Every structure is written in C-alpha cells, then in structure tokens.
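Data block below; observations after.
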Amino acid sequence: MTDHQHDHEHDADAPDYFEATGWEERYAGEEKIWSGEPNPQLVAEVTPLTPGTALDVGCGEGGDVIWLAQHGWQVTGADFSANGLARAARHAEEAGVADNTDWWQVDAREFDAGGRQWDLVTTHFLHPPAGGMVEVVSRLVDAVAPGGHLLVVGHAPTDDHGHQLTGPQHEAMFRARDLLPALPENFEVFVVQQRPRVVTRDGVRMEIEDSTLLARRVGL
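The sequence shown begins at 1 in UniProt numbering and counts up by one.
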C-alpha cells in the first residue's frame with residue numbers, strides 16, 4: 001500500500017510494501033519520502049465542499065491531512081505505519097495545524113469505523129494486494145456520515161508509459177469503475193473517471209491516469 005505517489009515511482013512490486021513492516025522501515029530514516037503537496041484530485045473535488053470532519057486513510061506523511069486542516073477541516077489521519085504517523089504528526093505541528101488533526105494507526109484491510117462517521121472519507125494511492133481495494137472501499141463506506149462524501153483515488157493498471165502491467169502491480173491497481181460494486185445503494189455517484197495527469201519522473205515528463213471515484217451518502 002502506498003501514500004501520495006504523484007511524483008515518485010510506484011513500489012507495488014516490492015512485496016514488503018504491501019505490509020506495515022516495509023513502510024515502518026521506509027519511514028524510519030530521515031529522508032522525506034513524499035512531496036508534502038496535496039494530491040490534485042483532493043484539491044479539485046474537496047475545495048467546493050463545506051469543511052467539516054474528515055478521515056484520510058493511508059495518510060503517510062500527512063500531506064493531504066495538512067491541506068485539509070489548513071482549509072478548515074477537522075482531520076483524522078489513518079495509516080498502518082507508526083513511523084509514518086509520527087512523521088505526519090510532526091509535519092502537522094510544523095504547519096501549525098496540530099490542533100485540527102488526530103492520528104489513528106489502522107490497517108485499511110481491517111478497517112472498522114466502530115460507529116464513527118466523518119463528513120469526508122478519502123484515500124489516495126492506497127493499493128492493497130490482489131485487487132483488495134474493493135474490499136477496503138466496502139469497509140470505508142460505513143465511516144461516511146449521511147450527506148457526507150467518499151473520495152477514492154488510485155493508479156490505473158498501466159505502467160508509466162501506458163503499457164498494461166501484469167502480476168502483483170496490475171492486481172494492486174484499479175480503475176474507478178472497478179470500485180462501484182463496493183458502494184451501497186444509498187450512495188450517489190458524482191465522479192467515476194480516469195483522469196490524465198502529467199508528472200515528471202527521472203527528468204522525463206509523462207502522462208499517467210488517476211482513477212477517481214467521488215460519491216455522496218444520501219441515506220442512513
């Protein structure tokens with residue numbers, strides 16, 4: 001599973017990166033892993049919404065959590081890496097939004113809201129193995145408050161040059177439409193798109209696709 005991947009190579013082919021132990025090791029050093037900038041689909045879809053409570057699952061170093069908090073949201077950042085959450089909390093403190101954030105160590109594959117609900121539930125570039133994102137989304141929907149929104153963004157199952165991937169990488173990625181079976185009938189779908197985006201990797205500009213799903217809970 002991954003955090004914000006908009007300017008980094010995708011690491012889904014490394015088996016330990018599907019597990020907390022791999023991310024604990026990766027976050028153990030001093031080097032900053034991600035850009036710290038909010039993911040573009042988050043900015044595009046959440047900017048028009050009225051701020052309330054938000055849950056960011058797979059928050060990593062906290063870039064999206066900080067952006068949400070800076071824009072008036074009370075945010076819970078969730079991740080399965082304790083080291084990642086420690087980094088995120090430190091970054092929130094440095095950004096002056098610690099009072100608007102809290103942190104929750106949880107594996108998205110075992111996510112249980114326990115009756116808690118948020119006005120916005122979001123996850124970006126979370127890629128559990130073996131097509132597990134449908135199951136994750138089926139868990140996340142319970143955390144969305146009535147009238148609240150669910151925003152899921154991930155990598156499409158293509159490599160950086162548009163070729164189809166096979167094996168673990170392909171199975172971990174998804175298209176937006178793949179997630180629709182996880183939504184109950186009381187969710188209204190607003191966006192189910194493959195959105196092209198230009199990134200620079202190793203000095204080369206290339207186009208990738210963000211699988212983007214936005215839905216709103218319209219009933220209890």
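We put the CB at the ideal spot given by N, CA and C, even for glycine.
These numbers come from a predicted model, not from an experiment.
{"Item": "Beta-carbon proximity of L85 to W67, cut-off 8 Å", "Value": "no"}
{"Item": "Inter-residue Cα distance where the pair is G62 and V75", "Value": "10 Å"}
{"Item": "C-alpha distance - residue 222 paired with C59, whole-angstrom precision", "Value": "As shown, the chain starts at 1 and ends at 220. That puts residue 222 outside it, with no answer to give."}
{"Item": "Span separating the alpha-carbon of D202 from that of L220", "Value": "47 Å"}
{"Item": "P184 versus V141 - alpha carbon distance", "Value": "8 Å"}
{"Item": "The region 115-130 contacting the region 93-100, beta-carbon criterion three pairs below 8 Å", "Value": "no"}
{"Item": "Buried or exposed by the 16-neighbour rule on C-beta atoms within 10 Å, applied to G77", "Value": "buried"}
{"Item": "D119 beta carbon less than 8 Å from that of residue 266", "Value": "Lying before the first or after the last residue shown, residue 266 is absent from the chain, which here runs from 1 to 220."}
{"Item": "Burial state of E207, where buried means 16 or more other Cβ atoms lie within 10 Å", "Value": "exposed"}
{"Item": "V198 - partner residues in DSSP beta bridges", "Value": "E207"}
{"Item": "CB-CB length for V144 against A108, believed under 8 Å", "Value": "About 15 Å; that fails the 8 Å criterion."}
{"Item": "Pairwise C-alpha distance: F187 and G131", "Value": "22 Å"}
{"Item": "Integer Cβ distance of V153 from D210, believed to fall under 8 Å", "Value": "5 Å"}
{"Item": "L213 and L179 closer than 8 Å at C-beta", "Value": "yes"}
{"Item": "Burial state of R87 (16 or more Cβ within 10 Å)", "Value": "buried"}
{"Item": "Secondary structure of L126, DSSP reduced to three states", "Value": "coil"}
{"Item": "G84 in three-state terms, based on DSSP", "Value": "helix"}
{"Item": "Identified DSSP bridge partners for E188", "Value": "R216"}
{"Item": "Environment of P196 [buried if 16+ CB atoms lie within 10 Å]", "Value": "exposed"}
{"Item": "Distance between V198 and H161 (C-alpha atoms, nearest Å)", "Value": "Confidence at H161 is low in this model, with a pLDDT of 46, below 50, so the placement of that residue should be treated as unreliable; the coordinate-derived value is given next. Answer to the nearest angstrom: the Cα atoms are 12 Å apart."}
{"Item": "Per-residue burial, G72 [other beta carbons within 10 Å of its own, 16 or more giving buried]", "Value": "exposed"}
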